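Enquirer:
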Amino acid sequence: MQTIQNKLYLGGISAEKLIEDYGSPLYVYEEETILDKFQTLHDCITYPHKRILYAIKTNPNLAIAKLLQSKKCGIDAVSPGEILLALHAGFSAEDILFTGNNMTDAEMDFAVKEKVLLNIDSLSRLEKFGKKYPNKSVCIRVNPNIVTQVHQHVITAGPKTKFGINHDQIEEVKKIVDQYNLNLIGVHSHIGSGILDPEKFLLAMEVTCEIAKKFDSLEFVDFGGGIGIAYKPEEKNIDLAEFGQKVSQYFEKFCQQYGKKLTLIIEPGRFLVGESGYLLTKVNTIKYNGARKFAGTDSGFNHLIRPTMYGSYHPTYNASNMQGEIEKVDICGNICESGDLFARDREIPKIKEDDIVAISHSGAYGFAMASNYNLRPFPAEVIVQGGKAKLARKRQSINDLLASYGVRFD
Ligand SMILES: Cc1ncc(COP(=O)(O)O)c(C=O)c1O
């Protein structure tokens, strides 16, 4: 992003022009940021046998998937829908790992039919898989019992979460693997999202590798995603050079002990796309309740739920007045819920009606978690680069939305 003559520019185009061309609200992704993030992460891990799988749940936009596919990234998929989208984007079945939680038989059969490797996260599913598909390769997701200091909804390891095969059930895993002659080629863990402390990641690596050691047929260890991004002004992005070096050194040492150079896999989502995305929304109503000023927009938590769901902070700009006099304002949406707030008491250059607000760091878990709540359609998505914008998903029309409810206007 850039500021030119008091206006916000994304990928070389002003936010006002983007809204003029594509309408409001609008998701905008800067291509350069995504490519930059991918390359930096790829390069900082010096261990040579590595693979980055994009956690496509973060943002399943097809254009973003294709962009990462062009960089030889793989995919972490959590549903048949994500597998199909990834295949459509040009990923091959070998590029995809299916980490299904509470997987159904139909989902298991679908992944096997598509030749996608399954990452199984319960003893019960492993048993069902073995029975139906003996001799096949498989990966297991383990719960390494490391709890990250992040929002409780995004902790995915430790005693209180539903994910993974518990670290103390490894003997049972072995029994199932032996009974059905399964080829256990991978051990996976994912401890949570939004990790800004590399030590937590390393600790999870250690525990995961302790478990991995107990299997002699491995080809890879997958340490999941979770690398955070700094949303709040006081937060600092992870020191990637240090992260990459520590992760590489640790894994190199582990492989020496294991006696084989395994592939190191990580599955970032937020890190790759979070900072690339902006939700642009037009202010249509300014009102005061006593001294409190509200800037009411034409979007809401139906399009970006993170502030409402997790109390998340997103850096937010007045794209129409980047450098004006600062005031305190509540920036809210048009959804019929008092929790529909993008920002409370935000200090931001003075906002007036028809200004465009840009909610930054919205590329991860933004559109991906959008809904049609209040029967409001999805916004459009565009990708910007070098002064050019490409429509990456067209705006949902009210007719399309209502058609899915059985309402027809013809
Ligand atoms: C199994 C798995 N891998 C990777 C990720 C990506 O996490 P993040 O976006 O924090 O990198 C998730 C997110 O929940 C996940 O569940």
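To convert, note that position 297 of the sequence shown is 298 in our numbering; the numbers rise steadily by one, no gaps.
Note that beta-carbon positions come from the ideal geometry of N, C-alpha and C, so glycine has one too.
Quantities reported herein were computed from a predicted structural model and do not represent experimental measurements.
(1) Helix or strand or just coil, what does DSSP make of A16?
(2) I'd like the span of the alpha helix (DSSP H) that includes Y311, first residue to last.
(3) Is any non-hydrogen atom of ligand 1 found closer than 7 Å to the C-beta of K38, if you look at the structure I gave you?
(4) Using 8 Å as the threshold, is the C-beta distance between T100 and D77 below it?
(5) Can you determine whether any heavy atom of ligand 1 sits closer than 7 Å to the C-beta of I228, and answer yes or no?
(6) Just to confirm, are A393 and V274 a CB contact at a threshold of 8 Å?
(7) What runs of the alpha helix (DSSP H), each 4 residues or longer, lie entirely inside the segment 197-252?
(8) Taking C-alpha atoms, which residue in T47, K132 and Y30 lies nearest to H362?
(9) When the Cα of C333 is compared with those of G367, S249, L68 and T282, which residue comes out closest?
(10) Could you check whether N322 and R377 sit closer than 8 Å to each other, using their CB atoms as the reference points?
(11) If you reduce the DSSP assignment to three classes, tell me which class R271 lands in.
(12) Would you call the segment 56-72 and the segment 233-249 in contact, with 3 or more CB pairs under 8 Å?
(13) Are the beta-carbon atoms belonging to K116 and A90 less than 8 Å from one another?
(14) In its own chain, which residues sit with a C-beta less than 6 Å from the C-beta of Q397, not counting the 5 before and 5 after it?
(15) Helix, strand or coil: how does DSSP classify D355 here?
(16) Suppose you measure from the CA of H191 to the CA of F92; what does that come to, to the nearest Å?
(17) Assuming G1 is part of the beta strand (DSSP E), what are its boundary residues?
(18) Confirm, please, whether the CB-CB distance from G227 to G187 is below 8 Å.
Expert: Based on what the coordinates show:
(1) As a first step, residue 16 must be located in the sequence shown, where it is residue number 15. In the three-state reduction of the DSSP assignment, A16 falls in the helix class.
(2) Here residue 311 refers to the residue found at position 310 of the sequence shown. First-last of the alpha helix (DSSP H) with Y311: R307 to Y311.
(3) Along the sequence shown, read from residue 1 onward, the residue named residue 38 stands at position 37. K38: no, Cβ never under 7 Å from ligand 1.
(4) What you label residue 100 is simply residue 99 of the sequence shown in a count that begins at 1. What you label residue 77 is simply residue 76 of the sequence shown in a count that begins at 1. In this structure, D77 lies closer than 8 Å to T100 by Cβ.
(5) Here residue 228 corresponds to residue number 227 of the sequence shown, with the count starting at 1. Yes, ligand 1 has a heavy atom inside 7 Å of this Cβ.
(6) The residue labelled residue 393 in the question sits at position 392 within the sequence shown. The residue labelled residue 274 in the question sits at position 273 within the sequence shown. No, the Cβ-Cβ distance between A393 and V274 is not below 8 Å.
(7) Counting only runs of at least 4 residues, the segment 197-252 fully encloses the following alpha helix (DSSP H) elements, listed from N- to C-terminal order: 199-213.
(8) Locating residue 362 in the sequence shown gives position 361, counting from the first residue. If we check each option's Cα against that of H362, Y30 comes out closest.
(9) Taking the first residue of the sequence shown as position 1, residue 333 is located at position 332. Shortest Cα-Cα distance from C333 to any of G367, S249, L68 and T282 involves T282.
(10) By one-based count along the sequence shown, residue 377 stands at place 376. By one-based count along the sequence shown, residue 322 stands at place 321. No; because the gap between Cβ atoms is not below 8 Å, this pair is not in contact.
(11) Counting from 1 along the sequence shown, the entry for residue 271 is found at position 270. DSSP places R271 in the helix class (H, G or I) of the three-state scheme.
(12) Because the criterion of three Cβ pairs below 8 Å is not met, the segment 56-72 and the segment 233-249 do not touch.
(13) Locating residue 116 in the sequence shown gives position 115, where the first residue counts as 1. Locating residue 90 in the sequence shown gives position 89, where the first residue counts as 1. It is not a contact, given that the beta carbons lie outside the stated cut-off.
(14) What you label residue 397 is simply residue 396 of the sequence shown in a count that begins at 1. Counting only Cβ-Cβ distances below 6 Å, and skipping sequence neighbours, we find P378 and F379.
(15) For this step, residue 355 is matched to residue 354 along the sequence shown. Three-state DSSP puts D355 in coil, outside helix and strand.
(16) For this step, residue 191 is matched to residue 190 along the sequence shown. For this step, residue 92 is matched to residue 91 along the sequence shown. One C-alpha to the other measures close to 22 Å.
(17) Absent from the model: residue 1. The displayed extent of the chain is 2 to 411, so no value can be given.
(18) Position 186 of the sequence shown, counting from 1, holds the residue named residue 187. Position 226 of the sequence shown, counting from 1, holds the residue named residue 227. G227 is positioned such that its CB atom lies no closer than 8 Å to that of G187.
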